[in-house]
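Accompanying notes for the structure given below.
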Amino acid sequence: MEILSGWYAAYPTWFSLAWLLFAFFCGSLPLSVWIGKLALGKDVRRYGDGNPGSSNLARAGGSGWGLAGLLLDVSKAAAPVGLAYNNLGMRGLPMLLIAAAPLVGHAFSPFLRFRGGKALAVALGVWIGLTLWKVSLPAAGGAALGIALFSPAGWAVMFALAVVFVVLVLFQPQPLLFGVLGVQVILLAWKHRADLRRPPRLRAWLAKRLTHARSRA
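If you're matching positions, the sequence shown starts at 0 in numbering that gives the first Met the number 0 and goes up one per residue.
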């Protein structure tokens, strides 16, 4: 790490550019697709919604494989972003671009002819790299709660991003983090645009409870 820090101190612009490309490369690795082909002999894109991510790896091979894919997708963003932010001390526009790079790489992977995944796990990895648990834990909780409450799934993603915004306002009001959130909102909204064209609906279990409560009132 001292060697990398020395290179960054000596050549900040070129090093930042190289790290940006490295972060994009890490994000672009279609690990769930490769696991599906090498370990299961299956193309995960033939399952579920056709997304090359860990959710369809779980459909193809079970929850254990899906969890492995999820952890790898999170890690391929958390590692380059966390090293840049916490170990190399990068800040400002270079850090913003580096935080966006794994997300863009995953969403538009050159290994998949620029047809990548929806990047939700990678977005979580970015927050782990930047804040460890301070934002990533509320983000994961917001995503889980959003999935439990709303459909289509794209609206659950927007709910999770709204939770992140509230957490940043209250506890982490840093311009860099708001910039990262802005990039994530734009990219995740684009990747979930089919869901967002439909109005949000409450999940059936919640709608039934609300209807039951109204009838008793």
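For glycine and all other residues, C-beta sits at the position ideal for the given N, C-alpha and C.
Report the partner residues of residue i according to the DSSP bridge assignment.
i	result
Ser135	Answer by DSSP bridge pairing: none, since Ser135 is not bridged.
Arg44	Paired residue(s): none; Arg44 is not in a bridge.
Arg215	Answer by DSSP bridge pairing: none, since Arg215 is not bridged.
Leu201	Phe149
In whole angstroms, what is the alpha-carbon distance linking residue i and residue j?
i	j	result
Leu69	Trp13	32 Å
Leu66	Trp6	36 Å
Ala188	Gly116	13 Å
Ala212	Phe110	51 Å
Arg196	Ile2	49 Å
Ala106	Ala100	10 Å
Phe21	Leu82	12 Å
Gly47	Ala57	10 Å
Trp126	Ser135	5 Å
Met157	Lys36	32 Å
Leu176	Leu95	8 Å
Arg202	Ala142	14 Å
Asp194	Phe113	21 Å
With distances taken between CB atoms, is the gap from residue i to residue j smaller than 7 Å?
i	j	result
Ile146	Ala138	no
Gly140	Ser27	no
Val184	Leu205	no
Ile97	Trp33	no
Leu39	Gly63	no
Ser15	Leu87	no
Pro93	Cys25	no
Leu131	Leu186	no
Would DSSP call residue i helix, strand or coil?
i	result
Phe149	strand
Arg90	coil
Leu169	helix
Tyr84	helix
Ser74	helix
Leu28	coil
Arg192	helix
Gly115	coil
Phe21	helix
Could you check whether the Cβ of residue i sits closer than 7 Å to any Cβ belonging to chain C?
i	result
Met89	Of the chains in the structure shown, none is chain C; there is only one protein chain.
Segment contact, 8 Å Cβ cut-off, at least three pairs: the region 50-61 with the region 115-125 = They touch, by the three-pair rule.
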